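Each remark here refers to the structure printed beneath this line.
Number of protein chains: 2
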Amino acid sequence: MVDIVILGTVGLDDIKTPFGEVKGVLGGSATYAAVAASFFANPGIISIIGSDFPEESKEFLKSRSIDLKGIKIIDGKTFRWGGYYEFDMNEAKTLKTELNVLAGFSPEVPNEYRDVKVLFLANVDPKVQMHVLEQMKKTDFVVMDTMNFWITTKKETLLRMIKKVDLLLLNDSEARQLFGTTNLVIAAKEALKLGPKFIIIKKGEHGSLMFSDGTHFNAPGYPLENTKDPTGCGDSFGGSLAGYLASTEDYSEKNIRKAIVFASAVASCNAEEFSLNKLKNIDLAHIQKRYSEMKEFREF
Amino acid sequence: MVDIVILGTVGLDDIKTPFGEVKGVLGGSATYAAVAASFFANPGIISIIGSDFPEESKEFLKSRSIDLKGIKIIDGKTFRWGGYYEFDMNEAKTLKTELNVLAGFSPEVPNEYRDVKVLFLANVDPKVQMHVLEQMKKTDFVVMDTMNFWITTKKETLLRMIKKVDLLLLNDSEARQLFGTTNLVIAAKEALKLGPKFIIIKKGEHGSLMFSDGTHFNAPGYPLENTKDPTGCGDSFGGSLAGYLASTEDYSEKNIRKAIVFASAVASCNAEEFSLNKLKNIDLAHIQKRYSEMKEFREF
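Here you go:
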């Protein structure tokens with residue numbers, strides 16, 4: 127039974143990093159988020175793919191108990207993204223974005239997805255996020271992610287969307303851009319004024335920060351020696367966070383702290399191999415071990 | 127009785143940030159480090175100043191129980207530095223460096239400083255750091271800082287110096303530059319191979335990381351909303367760390383974790399006003415409160 131619904135892209139990526147290159151591999155914000163969430167809960171995806179989408183990728187998602195009935199399949203080509211990372215691995219440089227079947231995507235939410243514990247609106251056009259949210263009958267908790275492209279091109283829609291969610295995820299450069307300040311504390315306070323109860327700012331290798339009414343949580347980054355491909359780290363962070371919350375049904379600040387550390391653990395694993403290759407080959411015990419290490423290495 | 131000896135510069139700074147501008151204010155690596163250390167211990171400074179050094183600054187240092195007998199006063203002008211910060215406040219851009227009396231500085235360590243609990247070699251020419259270390263009869267623990275300028279101009283001397291200390295402080299860009307890698311975990315492991323038992327990488331607002339034999343500690347940054355002038359934050363971090371260690375006489379990894387959090391607390395205060403103006407007006411209770419907050423905001 128689906129307990130977390132994830133809206134986002136399912137696509138095929140070409141990725142080049144200083145440590146290698148892959149072409150046409152499984153990617154997309156909903157894919158990373160759902161696979162990450164599947165360590166904790168039973169995700170269903172809302173997305174769209176073309177008739178060229180590989181059968182084996184569908185089988186892989188099903189093998190993770192991910193429900194695919196919210197994925198529309200239409201004639202045409204699946205969404206494709208291509209990008210590369212330079213040596214600091216901090217920021218993806220986009221080389222191509224072929225929307226293909228994603229152009230004009232206006233999803234209908236399956237009836238059995240309309241009453242769900244957690245809704246994760248992963249990175250897509252905020253207009254589509256709004257359209258999905260409006261179809262929901264009941265959700266206990268709504269998490270939303272976005273990206274710089276929407277801040278630049280659809281800021282008004284994005285701000286309207288932010289007002290409607292419980293938890294907003296931004297990375298540090300998005301937070302600075304959206305609120306016109308270099309100071310992340312000020313950016314987070316501005317974001318809270320819009321309505322969300324929780325703001326999480328993801329800072330890559332530097333961990334993440336949560337801000338809520340009068341409280342602050344500082345989560346560490348996992349000290350990775352081997353970072354091969356950061357693609358999908360933000361999405362798998364959001365997916366694990368939302369999945370953990372759905373599995374525990376506890377949306378308190380205290381439990382969100384734990385969710386963030388689990389999310390950091392999963393995201394750090396994700397960076398260690400290309401595409402979803404690392405997440406494919408680890409289990410919850412592996413993630414729990416990393417969670418414990420993260421507890422230990424910040425004790426004082 | 128002096129229990130921590132600090133080698134570094136004592137100077138006068140011109141500083142411009144997006145939040146204001148000051149000229150000819152008290153500065154220098156040993157000044158910031160000693161004032162920060164004075165919250166915990168009794169520092170003595172090894173440095174050199176000119177006959178133009180303001181009497182009131184000397185009086186201020188004495189009022190903090192900082193011993194000045196290691197500061198040589200000669201005819202001429204005091205060391206002067208001028209720089210500015212852009213909006214991100216991450217990196218000082220140097221506008222002028224007038225060595226003045228610092229040129230040819232070859233300090234003689236006073237006899238009563240030669241047997242001391244902690245020696246902090248703050249940022250100066252590594253040749254001068256070596257010269258001071260060679261004059262010591264006994265020290266329980268040696269902490270060393272440096273800067274990018276010495277990595278570029280005196281790398282060989284710097285590497286020889288690093289081999290002789292217990293704890294090396296670097297900021298993240300220095301660590302990446304010195305070891306030719308963007309990965310801080312790899313940089314820290316290379317640094318440990320040189321000899322120090324502990325490597326601390328300072329990451330400004332992102333906190334700091336400690337690496338030791340098989341252990342890792344992740345320290346948070348304090349969430350500052352009001353950063354006016356980051357000058358001396360690295361020096362006050364090093365000074366408080368060394369001061370706390372001298373006051374506790376416990377050089378275990380466990381105690382260094384606590385020292386790092388105290389150091390972060392002091393450094394974060396330092397950024398809130400120009401020059402040493404904030405450190406002048408707070409007491410240990412203020413720092414302890416920030417220490418407790420830092421404990422609370424990383425609990426999970």
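From first to last, the protein sequence lines stand for chains G and S. 127 is the number of the first residue of the first sequence in this note's numbering; add one for each residue after it. 127 is the number of the first residue of the second sequence in this note's numbering; add one for each residue after it. Beta carbons are placed, not taken as given, at the ideal position from N, Cα and C, and that holds for glycine. All values reported here derive from a predicted model rather than from experimental measurement.
Approximately 6 Å separates the beta-carbon atoms of N226 of chain G and G202 of chain G; this is inside 8 Å, confirming the contact.
Secondary structure of P252 of chain S (DSSP, three-state): helix.
About 28 Å separates the Cβ atoms of Q255 of chain S and M215 of chain S, ruling out a contact at the 8 Å cut-off.
Taking the Cβ atoms as the reference, V387 of chain G lies roughly 18 Å from P349 of chain S, outside the contact range of under 8 Å. At a cut-off of 9 Å between C-beta atoms, V392 of chain S does not count as an interface residue with respect to chain G. Put simply, of G:G146, G:A156, G:K149 and G:T143 the residue whose alpha carbon is nearest the alpha carbon of G364 of chain G is G:A156.
Under a criterion of Cβ atoms nearer than 7 Å, the residues of chain S adjacent to N344 of chain G are, in order, P346, F423 and R424. Counting only the Cα atoms, D271 of chain S lies some 25 Å from F179 of chain S. Per DSSP, reduced to three states, the secondary structure at D298 of chain S is helical.
A straight line joining the alpha-carbon of Q303 of chain S with that of L284 of chain S spans about 13 Å.
Within chain S, L310, V311, A314, L335, F337, H342 and N344 have C-beta atoms less than 9 Å from the C-beta of P349 of chain G, given in sequence order. For L245 of chain G, the enclosing beta strand (DSSP E) has its first and last residue at D241 to L247.
Beta-bridge partners assigned by DSSP to H342 of chain G: G:F337. Contacts with chain S at 9 Å (Cβ-Cβ) include V387 of chain G. Within the same chain, Cβ atoms closer than 7 Å to the Cβ of A368 of chain G are found at I130, A163, V244, F246 and V269, the five residues on either side in sequence being excluded. Cβ contact annotation for Y158 of chain S (same chain, cutoff 6 Å, sequence separation greater than five): G358, D361 and S362, in chain order. In the three-state reduction of the DSSP assignment, S173 of chain G falls in the strand class, which pools E and B. Linking K421 of chain G to T341 of chain S through their CA atoms gives a straight-line distance of about 13 Å. By the CB criterion at 9 Å, V242 of chain G and G170 of chain G fall inside the cutoff. Beyond the five residues adjoining it in sequence on each side, K253 of chain S comes within less than 8 Å, by CB distance, of K280 and T283 in the same chain, given in chain order. Collapsing the DSSP output to three states places E185 of chain S in a helix. Flagged as an interface residue toward chain S: K384 of chain G, by a C-beta distance shorter than 9 Å. When only Cα atoms are considered, K290 of chain S and V258 of chain S end up about 12 Å apart.
DSSP, reduced to helix, strand and coil, places L194 of chain G outside both helices and strands of the structure shown, so it counts as coil. Taking a C-beta cut-off of 7 Å against chain G, the contacting residues of the stretch 316 to 330 of chain S are K329, listed in chain order. Within the DSSP bridge table, the entry for W207 of chain S names S:D139 and S:T223 as partners.
When beta bridges are read from the DSSP output, I199 of chain G appears opposite G:I175.
Residues of the stretch 351 to 376 of chain G whose Cβ lies closer than 9 Å to any Cβ of chain S, in chain order: E351, N352 and T353. Look at the beta carbons and you see the stretch 321 to 335 of chain G not touching the stretch 394 to 401 of chain S: under three pairs across the two are nearer than 8 Å. Out of G:N309, G:E224, G:F213 and G:V128, the CA that lies nearest to the CA of G154 of chain G is found in G:E224.
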